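If you use my numbering, the sequence shown corresponds to residues 451 to 799, in order.
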Amino acid sequence: MGVFVVQCFARMQAIAWLILCSAVFHDSAAAQVAAEEEAPVVDQATKLFQEGRALMSEGKYGAACAKLEESMKIKRGIGTLYNVADCYEKLGHTAKAWRHFREAASKAAASGDGERATAAQERADALEPMLMKLRIELSPGAQTITGLELSRDGSLVPREERGVAVPVDPGNYRVSATAPGRRAWSTEVIVREPGKVVTVSVPELAIEESGPRHETSPKRSVIPTIMLAGVAVAGVATGIGLTMAANSAADDAVAQRSALMARNAPFCNAYLPSDNQTAAECSALGEALSDKDFFTNAAGLAYVIGGLAVAGASVYAFWPASKPSKTVVVRPVPVVIGRETALWIIGSF
């Protein structure tokens with residue numbers, strides 16, 4: 451029985467050793483694979499870093515900073531951060547340089563590298579008095595707007611930065627503000643003086659009008675339409691009255707002619723002698739015919755004036771209104787001279 455227990459225990463020890471060895475081998479193999487996969491990436495970061503340093507030595511700081519930024523995206527090391535900061539300082543981008551020096555100092559301190567932490571912090575402290583800052587603050591009216599968003603050169607400004615003097619690189623900045631139901635607002639500021647703070651105050655945004663805006667024509671006065679309508683009614687009424695008068699004169703002329711024919715009187719002729727009765731009847735007939743012609747012509751003129759008034763009222767009421775450069779007034783005036791009728795057009799320009 452004892453021999454069996456010893457054998458079982460020995461077998462269990464062997465199995466345990468096998469499992470442990472397998473685990474150690476697996477971990478070391480995985481680490482080796484990871485290192486092999488990471489090697490090309492590290493090599494690329496190193497290559498970009500060296501290219502950036504070479505460009506800096508040539509004084510090509512714009513291209514150098516771009517190369518160092520690419521290297522830092524692959525591996526954000528302390529040395530790369532420090533060199534990026536140094537490059538931006540030489541380029542004149544003091545805010546970016548200050549931020550990267552501070553990050554390099556923080557990373558170095560966290561890793562126990564006191565020497566590099568001190569060097570980076572000293573560079574950041576030296577830059578701080580020269581920093582240019584931009585403060586975006588809200589006016590009392592803007593503070594009450596719901597959903598207000600601020601942006602600086604298209605980048606959203608975090609809420610914690612509102613009213614805070616934030617270090618920025620020298621240059622021109624467009625500050626914008628938007629909110630639902632409000633008109634967008636923006637302004638451009640110049641930040642160039644070292645050590646100074648430029649403040650932008652965002653006003654209360656105007657309320658956006660609901661629906662599309664349309665250009666509306668100026669409202670017309672209804673008085674001209676009413677006046678023209680009155681002229682039209684008066685013209686038609688006058689025309690009807692004159693037509694009735696013309697018909698009455700025509701009836702009188704027919705009666706006078708019938709009376710003359712009933713007496714077998716000679717035709718009315720100024721060149722033929724006639725008795726007094728015939729002369730009187732001929733005179734009455736002539737007046738009746740003349741009255742008929744006069745009233746007929748006057749009625750036609752009244753109808754024309756009424757029609758023109760109707761047309762004028764329609765055009766005035768329905769034609770799109772425009773801003774006149776000067777006042778123009780035109781009105782028709784019927785004129786009766788003796789037994790002749792005429793239509794005068796009177797206007798002021």
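Just so you know, even glycine gets a beta-carbon here, dropped at the ideal spot from N, CA and C.
Just so you know, these numbers come straight off a predicted model, no measurement behind them.
| query | result |
| --- | --- |
| Exposure label - ASP536; buried when at least 16 CB within 10 Å | buried |
| Identity of the residue in GLY512, ILE528, ASN533 nearest GLN825 by Cα | Since the first residue of the chain shown is 451 and the last is 799, residue 825 is not available in this structure. |
| Spatial distance of GLU539 from LEU600 (CA atoms) | 28 Å |
| DSSP-derived helix/strand/coil call for TRP635 | strand |
| Cα-Cα separation, ALA761 to ALA695 | 27 Å |
| DSSP bridge partner residues for ILE640 (one or two, in chain order) | ASN622 |
| Own chain, CB closer than 6 Å to TRP635, minus 5 neighbours either side, in chain order | ALA627, LEU655 |
| Three-state secondary structure assigned by DSSP to VAL616 | strand |
| Length of the line joining the Cα atoms of ALA484 and GLY564 | With a pLDDT of only 43 at ALA484, under 50, the local geometry of the prediction cannot be trusted, and the value read off the model is given with reservation. Rounded to the nearest angstrom, the two C-alpha atoms are 30 Å apart. |
| Buried/exposed call for GLY512, threshold 16 Cβ in 10 Å | exposed |
| Same chain, Cβ closer than 7 Å to PRO653, neighbours up to 5 away in sequence not counted | SER589, GLY591, ALA592, TRP635 |
| Cβ-based burial, SER740 [other Cβ within 10 Å; buried from 16] | exposed |
| Boundaries of the beta strand (DSSP E) in which GLU587 is found, first to last residue | 582 to 588 |
| Per-residue burial, ALA576 [other beta carbons within 10 Å of its own, 16 or more giving buried] | exposed |
| Residue from ALA570, ALA629, LYS525, LEU606 with nearest C-alpha to THR596 | ALA629 |
| Cut-off 6 Å between Cβ atoms - residues of its own chain near THR637, not counting five sequence neighbours on either side | VAL625 |
| Helix, strand or coil at LEU606 [DSSP, three-state] | strand |
| Cβ neighbour criterion (16 or more within 10 Å) applied to THR544 | buried |
| Bounding residues of the beta strand (DSSP E) (the contiguous stretch that carries SER521) | Careful: SER521 lies outside any beta strand (DSSP E), inside the alpha helix (DSSP H) at 511 to 524. |
| At least 3 beta-carbon pairs within less than 8 Å: the stretch 554 to 573 vs the stretch 613 to 623 | no |
| GLU501 - DSSP class collapsed to helix/strand/coil | helix |
| Simplified DSSP state of ILE595, which is helix, strand or coil | coil |
| Beta-carbon spacing of GLY685, GLY756 below 7 Å | yes |
| Run of the beta strand (DSSP E) containing SER651, from where it starts to where it stops | 647 to 652 |
| Per DSSP, cross-strand counterpart(s) of SER601 | LEU606, SER626 |
| Whole-number beta carbon distance between THR675 and ALA767, since they are thought to touch under 8 Å | 5 Å |
| Residues of its chain near ARG642, where Cβ-Cβ distance is below 8 Å and the 5 sequence neighbours each way are ignored | MET582, PRO620, GLY621 |
| Other residues of its chain near VAL491: CB distance less than 7 Å, five sequence neighbours each side excluded | ILE524 |
| Distance CB(MET506)-CB(ALA514) smaller than 7 Å | yes |
| Beta-carbon gap between SER521 and LEU498 smaller than 7 Å | yes |
| Length of the line joining the Cα atoms of ASP702 and VAL754 | 27 Å |
| CB contact below 7 Å: ASN697 versus chain D | Here chain D cannot be found, since the structure has a single protein chain. |
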